Amino acid sequence: MNSNELSNIFRMRDAESRSVSAENPTGEKGKGGMAMEEETLHPDGIKCFKELGAGWKTSPCRPIDAGKTVEIMNVDGPGIIKHIWVTLDKKFYRNVVLRIYWDGQESPSVECPIGDFFCCSWNDRQNIYAIPVNVNPSGGMNCYLPMPFKENVRITVENESPHDLTHFFYTVNYTLEPVEEDALYFHACWNRSNPLEYKADHLIVDGIKGRGQYIGTFMSWQQNNAGWWGEGEIKMFLDGDKEFPTICGTGTEDYFGGAW
């Protein structure tokens, strides 16, 4: 399960490529592009079906009504999610919530506004060029972090806004393949301080138990005074740390590889 796919691209693997989207909601082999007029997931597909027939982009996306939750993936494993791509109207970035459940969980391991999950806050599009996350023009949001599952993966998207989301495009590319016994499950959460009181600490994440690897942090904030914003130190309290942390940075901008 090497994350550097190019280093092993010439090797045969015991894996089957699959993809779920509005054109193939189940990801089953030979089941893509089968939507007919009466069963298409989006009204836009009706016109395509009438003019071109089955198999011609009759179900490119799906609507999510206000206050509703849709399931976009429910696949049995073992397997590994390789790539998630979505695009939607940016005004929904904060109010559409992505949740991912591994192996029959009742509570999600991933629960995050969809814009923030792809490093886009403030209901605005940002071009992001990084190894794990790319946001490409115009608003194509991609996550390349490998996410293994042993028995099942379920992904839901909830529209918490008071408005209907008429076009939600998505693709989840994955492989069906053996997963090592010691493989870790991907987790992501979102937290906000609004407003953050003077001299108070913003909590990034808390209550993590067990063994694992911390992948990283995405953060955005609004400056409400004329002072320098960057001196908040990132502190990580590990394995019983109390008053003082094991990891302590020199400033917020430094944590993200910048400087004053």
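Adding 223 to a residue's 1-based position in the sequence shown gives its number in the working numbering.
Ideal Cβ placement from N, Cα and C applies to all residues, glycine included.
Here the structure is a predicted model, which is why all the values come from computation and not from measurement.
Using the Cβ count rule (16 or more neighbours within 10 Å means buried), how would you classify residue i?
i: D387; result: exposed
i: R415; result: exposed
i: S230; result: exposed
i: N247; result: buried
i: S330; result: exposed
i: S220; result: For residue 220 there is no data in the structure shown, the boundaries of the chain being 224 and 483.
i: Y324; result: buried
i: N417; result: exposed
If you reduce the DSSP assignment to three classes, tell me which class residue i lands in.
i: I307; result: strand
i: A482; result: coil
i: S230; result: helix
i: C284; result: coil
i: C271; result: helix
i: G472; result: coil
i: G302; result: strand
i: I337; result: helix
i: K458; result: strand
Could you check which residue in the options has the C-alpha nearest to that of residue i?
i: I470; options: I457, G481, F479 and E476; result: I457
i: F441; options: T292, D339 and G327; result: D339
i: H390; options: I232, M257, F460 and R285; result: R285
i: G250; options: P283, A277, I287 and D299; result: D299
i: S361; options: E454, D405, K313 and P331; result: K313
i: Y393; options: A449, E383, D405 and N365; result: N365
i: G435; options: W452, D464, A411 and N448; result: A411
Assuming residue i contacts residue j under a Cβ cut-off of 8 Å, what Cβ separation, rounded to an integer in Å, is found between them?
i: P301; j: Y316; result: Actually they do not touch by this definition, with Cβ atoms about 32 Å apart.
i: K305; j: T398; result: 6 Å
i: I303; j: M370; result: 7 Å
Could you please give me the residues that DSSP links to residue i through a beta bridge?
i: E239; result: L399
i: E381; result: T292 and V320
i: T394; result: S244 and W308
i: P371; result: I303
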